[in-house]
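Each residue of the sequence shown is one higher than the one before, starting from 1 at the first, in UniProt numbering.
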Amino acid sequence: AFKAAVLIQRWYRRYMARLEMRRRCTWRIFQSIEYACEQDQIKLHNFFSYLMDHFTPSSSKERDFISRMFISGESFKEAELEKYCDYESMEVPDSYTGPRLSFPLLPDHATALLEAFKQKQQLHARYVLNLLHETRKHLKQLPNISHVSTCYSEEVTVCGDLHGQLDDLFLIFYKNGLPSPSKSYVFNGDFVDRGKQSLEILIVLFTFLLIYPKEVHLNRGNHEDHMVNLRYGFAKEVMQKYKVHGKKILKMVQNVFCWLPLATLIDQKVLIIHGGISDTTDLDMLEKIQRNKFISVLRGKKRKESNRNVEIQEINGESKAEADPAGNEAAPSLPPQPRLSQAPSTANRLEFSKWVRQTVQEQIEWCRRLVDISESEEEEPTYSSMVSLTDLDGPCWTCQEEWKQILDILWSDPMPQEGCIVNTVRGGGCYFGPDVTGKILEKYNLQFIIRSHECKQEGYEFCHNRKVLTIFSASNYYEIGSNRGAYVKLGPDLVPHFVQYQANKAAHTLTMTQRQGILLARISRVEESAFRALREKLFAHTSALISAFKAYDKDNTGRITLSNWATAVESVLRLGLPWRMLRPQLVRSTDDGMLEYKSWLDDLAMEQRSQEHIQTSLLEVIYRNRSNLETIFRIIDRDHSGLISFEEFHQTWKLFSSHMNIELTDDGISDLVRSIDFNKDGNIDFNEFLEAFRLVKQSQ
Numbered sequence: 001a002f003k004a005a006v007l008i009q010r011w012y013r014r015y016m017a018r019l020e021m022r023r024r025c026t027w028r029i030f031q032s033i034e035y036a037c038e039q040d041q042i043k044l045h046n047f048f049s050y051l052m053d054h055f056t057p058s059s060s061k062e063r064d065f066i067s068r069m070f071i072s073g074e075s076f077k078e079a080e081l082e083k084y085c086d087y088e089s090m091e092v093p094d095s096y097t098g099p100r101l102s103f104p105l106l107p108d109h110a111t112a113l114l115e116a117f118k119q120k121q122q123l124h125a126r127y128v129l130n131l132l133h134e135t136r137k138h139l140k141q142l143p144n145i146s147h148v149s150t151c152y153s154e155e156v157t158v159c160g161d162l163h164g165q166l167d168d169l170f171l172i173f174y175k176n177g178l179p180s181p182s183k184s185y186v187f188n189g190d191f192v193d194r195g196k197q198s199l200e201i202l203i204v205l206f207t208f209l210l211i212y213p214k215e216v217h218l219n220r221g222n223h224e225d226h227m228v229n230l231r232y233g234f235a236k237e238v239m240q241k242y243k244v245h246g247k248k249i250l251k252m253v254q255n256v257f258c259w260l261p262l263a264t265l266i267d268q269k270v271l272i273i274h275g276g277i278s279d280t281t282d283l284d285m286l287e288k289i290q291r292n293k294f295i296s297v298l299r300g301k302k303r304k305e306s307n308r309n310v311e312i313q314e315i316n317g318e319s320k321a322e323a324d325p326a327g328n329e330a331a332p333s334l335p336p337q338p339r340l341s342q343a344p345s346t347a348n349r350l351e352f353s354k355w356v357r358q359t360v361q362e363q364i365e366w367c368r369r370l371v372d373i374s375e376s377e378e379e380e381p382t383y384s385s386m387v388s389l390t391d392l393d394g395p396c397w398t399c400q401e402e403w404k405q406i407l408d409i410l411w412s413d414p415m416p417q418e419g420c421i422v423n424t425v426r427g428g429g430c431y432f433g434p435d436v437t438g439k440i441l442e443k444y445n446l447q448f449i450i451r452s453h454e455c456k457q458e459g460y461e462f463c464h465n466r467k468v469l470t471i472f473s474a475s476n477y478y479e480i481g482s483n484r485g486a487y488v489k490l491g492p493d494l495v496p497h498f499v500q501y502q503a504n505k506a507a508h509t510l511t512m513t514q515r516q517g518i519l520l521a522r523i524s525r526v527e528e529s530a531f532r533a534l535r536e537k538l539f540a541h542t543s544a545l546i547s548a549f550k551a552y553d554k555d556n557t558g559r560i561t562l563s564n565w566a567t568a569v570e571s572v573l574r575l576g577l578p579w580r581m582l583r584p585q586l587v588r589s590t591d592d593g594m595l596e597y598k599s600w601l602d603d604l605a606m607e608q609r610s611q612e613h614i615q616t617s618l619l620e621v622i623y624r625n626r627s628n629l630e631t632i633f634r635i636i637d638r639d640h641s642g643l644i645s646f647e648e649f650h651q652t653w654k655l656f657s658s659h660m661n662i663e664l665t666d667d668g669i670s671d672l673v674r675s676i677d678f679n680k681d682g683n684i685d686f687n688e689f690l691e692a693f694r695l696v697k698q699s700q
């Protein structure tokens with residue numbers, strides 16, 4: 001009997017260990033692909049930042065376009081914003097059956113909103129804008145670091161990322177109770193993106209914030225950022241739900257985001273920030289930063305103090321007299337702009353090409369001198385901060401330091417090793433070790449740090465000797481069953497108590513036996529979803545994989561060892577995955593340990609090929625670039641109408657062509673845009689944009 005028990009125990013432990021291994025591999029796949037996508041986002045905006053920094057507008061129309069696209073379009077003056085987002089002029093029709101708001105808000109309003117959203121009702125745009133307006137007024141009065149005390153409430157509940165998953169917020173309120181004078185909440189950023197009900201979450205949180213301003217506290221996350229919202233779904237969600245007033249709502253939300261506090265302190269002992277810290281994190285500086293300057297933390301670049309005013313005037317198209325009508329301190333004189341030499345005949349393409357390149361270089365050099373950037377100082381573009389240039393009051397180096405402070409607390413992650421290094425996986429922020437945590441805790445007399453920003457399988461995780469706690473509140477983040485959500489409650493003793501959950505409507509009706517019975521099926525479903533995403537990633541890099549495989553196939557046999565396959569795949573995708581462990585799920589086993597890589601890639605292509613039977617190489621390129629193309633489309637589509645006007649396309653193409661040495665006249669650009677407008681409605685939608693990209697690649 002003892003032997004039988006030991007055998008059963010051994011079998012069960014092996015089985016559970018294999019199950020856990022499969023869960024962890026699945027997790028690594030999802031997380032690696034997610035972080036690679038964030039890297040792509042930052043690289044894309046670095047590219048746009050570089051174009052902006054080196055583009056010299058040749059007319060007032062181009063100056064206006066660049067200003068709208070990158071700077072002034074991101075921030076309205078106070079009066080302009082209120083006029084643009086005027087909600088009082090909007091009428092609510094008698095046929096509207098949704099919830100109605102009146103200010104000041106009462107607890108009944110919050111209850112009505114929750115019930116309406118459960119019934120899939122939508123709040124009228126007038127009330128949305130009114131709520132955002134009142135929220136903005138309240139947030140402007142708050143400090144950068146909120147201070148919460150457990151003396152005034154029995155406990156404080158801290159929630160992590162919600163990412164547009166309204167069911168998780170409902171479940172938190174169901175389990176823990178609604179915000180009230182005796183129940184304080186801290187929501188630690190990333191309320192929006194990825195999920196389908198981001199706007200509803202904002203409305204609920206902002207409503208409770210206004211009803212209970214001393215009990216509800218909101219921190220800014222890295223997704224409370226307009227440029228991030230363009231890629232990860234929030235901007236698209238708003239425009240789909242509010243087709244008429246969506247642009248106004250987005251503009252107002254964008255302004256509200258930049259007023260969100262950056263951190264929260266509980267009893268002066270527990271620091272709550274969204275991402276993490278670095279070896280340069282300075283809470284004293286964070287408290288003094290003018291946080292609303294940083295509308296987006298994705299883009300930022302040093303600008304010299306002596307020429308800042310000149311640069312602002314040039315970008316906004318202002319003359320010296322316009323910028324300083326009172327005749328105060330004069331701006332430094334500008335270097336003379338190079339005059340364009342007479343263009344040679346286009347018949348001699350070689351001479352014409354040389355002339356274009358020389359002209360572009362002269363213009364770039366003039367732009368460098370304008371902002372006092374010499375060749376020796378030129379840097380690789382960094383993630384730059386969308387700082388409103390007209391708000392830069394202090395020394396330029398201070399602005400750069402302030403930007404880095406915010407970037408680090410929104411984007412950083414902890415690591416087990418000592419030290420502080422650049423976070424190359426995400427592309428922004430840093431990795432900080434236990435020694436960095438210890439120094440910050442000691443310097444500010446803190447007990448521990450609560451942060452979010454990373455999905456955890458159990459919803460929470462300690463690291464750095466239990467001095468850093470990650471809390472993540474979006475369950476089923478990657479796939480149904482992929483992870484639990486959690487929140488943490490802190491009483492006067494500041495001992496964390498965790499509550500875990502999984503927002504799955506079907507699971508609530510199951511018995512314990514049934515839940516155990518479907519565990520394996522759930523893991524299999526999540527695993528299959530992860531491998532499907534990974535196969536798409538592999539297919540999107542087919543050409544690069546073939547080149548990598550051929551490096552190991554010296555004799556051109558079409559076959560490589562499975563070990564070389566794993567090495568080659570990692571060299572191309574750079575996802576840091578255990579490819580040898582994942583191999584059985586991706587590659588059919590062979591008797592001789594060799595892989596026919598061409599037939600394997602053909603099998604991948606068969607899985608991904610669409611019903612339109614697009615050529616495999618073109619489909620590969622579209623798979624690899626679709627997210628970037630969609631983000632570029634939304635950046636060009638400044639009014640978020642879902643359509644690019646001919647004028648928007650024309651000016652953007654001029655921006656690109658000036659740096660690509662593409663010789664294209666205004667008439668040529670007009671012909672190009674007309675050829676992309678397949679349905680001839682005078683605008684370009686995303687499908688036309690994607691189809692044009694496909695046709696160009698096909699012609700190449």
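Where is the CB? At the ideal position from N, CA and C, for every residue including glycine.
### Message
So the candidates are P213, N423, V422 and S475; which of them puts its Cα closest to the Cα of H147?
### Response
P213
### Message
Check for me: the alpha helix (DSSP H) holding I684 runs from which residue to which?
### Response
Not the alpha helix (DSSP H): I684 falls in the beta strand (DSSP E), residues N683 to D685.
### Beta bridge counterpart(s) of A110 as assigned by DSSP
None; A110 has no bridge partner.
### Task
Please report the residue range of the beta strand (DSSP E) in which G485 lies.
G485 to L490
### Query
Which value, in whole angstroms, describes the spacing of the CA atoms of T382 and I421?
Per-residue confidence for T382 stands at a pLDDT of 35, beneath the threshold of 50, marking its modelled position as unreliable; no derived number is given.
### Limits of the beta strand (DSSP E) - the one that S547 falls within
No beta strand (DSSP E) contains S547, which is instead part of the alpha helix (DSSP H) from T542 to Y552.
### Task
Identify, in the order they occur along the chain, each residue of the same chain with its Cβ nearer than 6 angstroms to the Cβ of C151, setting aside the five sequence neighbours on each side.
none
### Message
Measuring straight from C-alpha to C-alpha, what distance separates S604 and S452?
### Response
According to the sequence as given, residue 604 is Leu; it is not Ser. Each residue's Cα considered, the two are about 36 angstroms apart.
### Task
Round the Cβ separation of S482 and F30 to the nearest angstrom and send it over; I've been treating them as touching at under 8 angstroms.
7 angstroms
### Query
Buried or exposed: which applies to K537, given that a residue is buried once 16 or more other Cβ atoms fall within 10 Å of its Cβ?
buried
### Message
Would you call the segment 109 to 117 in contact with the segment 272 to 288, where contact means no fewer than 3 C-beta pairs closer than 8 angstroms?
### Response
no
### Query
What are the boundary residues of the alpha helix (DSSP H) that includes Q254?
G246 to F257
### Query
Relative to the alpha-carbon of A79, which residue among D553, T26, K118 and H133 has its alpha-carbon at the smallest distance?
H133
### Message
By the three-class DSSP mapping on this structure, what secondary structure does S563 have?
### Response
helix
### Task
Could you tell me the boundaries of the beta strand (DSSP E) in which M594 lies?
M594 to E596
### Message
Quick check on the DSSP output: the beta strand (DSSP E) that includes S146 runs from which residue to which?
### Response
I145 to V148
### Alpha-carbon to alpha-carbon, T281 and S475
30 angstroms
### Message
Tell me whether the segment 487 to 502 and the segment 544 to 561 touch, counting them as touching only if at least three CB pairs, one residue from each stretch, are closer than 8 angstroms.
### Response
no
### Message
Just verifying my parser: in three-state terms, what is the DSSP assignment at S180?
### Response
strand
### the segment 255 to 266 touching the segment 126 to 146, judged by at least three CB pairs closer than 8 angstroms
yes
### Task
State yes or no: is the C-beta of C455 within less than 7 angstroms of the C-beta of Y477?
yes
### Nearest neighbour of R291, chosen from K248, Q165 and E401 [CA to CA]
E401
### Residue nearest to L563 in terms of C-alpha spacing, selected from W579, A551 and L209
First, the residue type needs correcting, since residue 563 is Ser and not Leu in the sequence shown. Nearest option by C-alpha distance: W579.
### Query
Nearest CA to the CA of K598: which residue from R574, T542 and L643?
T542
### Query
Less than 7 angstroms separating the beta-carbons of G459 and D168?
no
### Message
Which residue wins for smallest C-alpha separation from G160, given the options F170, G189 and K140?
### Response
G189
### Query
Does the segment 14 to 21 come close enough to the segment 401 to 410 to have 3 or more Cβ pairs within less than 8 angstroms?
no
### Query
Between which two residues does the alpha helix (DSSP H) containing H453 stretch?
H453 -> no alpha helix (DSSP H), and no H or E assigned at all.
### Query
So, is W11 buried or exposed, given that buried needs 16 or more other C-beta atoms within 10 angstroms?
exposed
#### Entry: One or two residues paired with Y460 in a DSSP bridge
I471
### Query
When you compare each of V204, E237, K248 and K175 to K196 by their alpha carbons, which one comes out closest?
E237
### Task
Spatial neighbours of F117 within its chain, please: CB distance less than 6 angstroms, with the 5 preceding and 5 following residues excluded, ordered by chain position.
E200
### Option in E224, Y84, Q165 and V156 with minimal Cα separation from S130
The sequence shown places Asn at residue 130, rather than the Ser named in the question. The shortest Cα separation from N130 among E224, Y84, Q165 and V156 belongs to Y84.
### Task
Could you give the DSSP three-state label for H217: helix, strand or coil?
strand
### Message
Considering only their Cβ atoms, is the gap separating Y96 from H124 smaller than 7 angstroms?
### Response
yes
#### Entry: Three-state secondary structure assigned by DSSP to V92
coil
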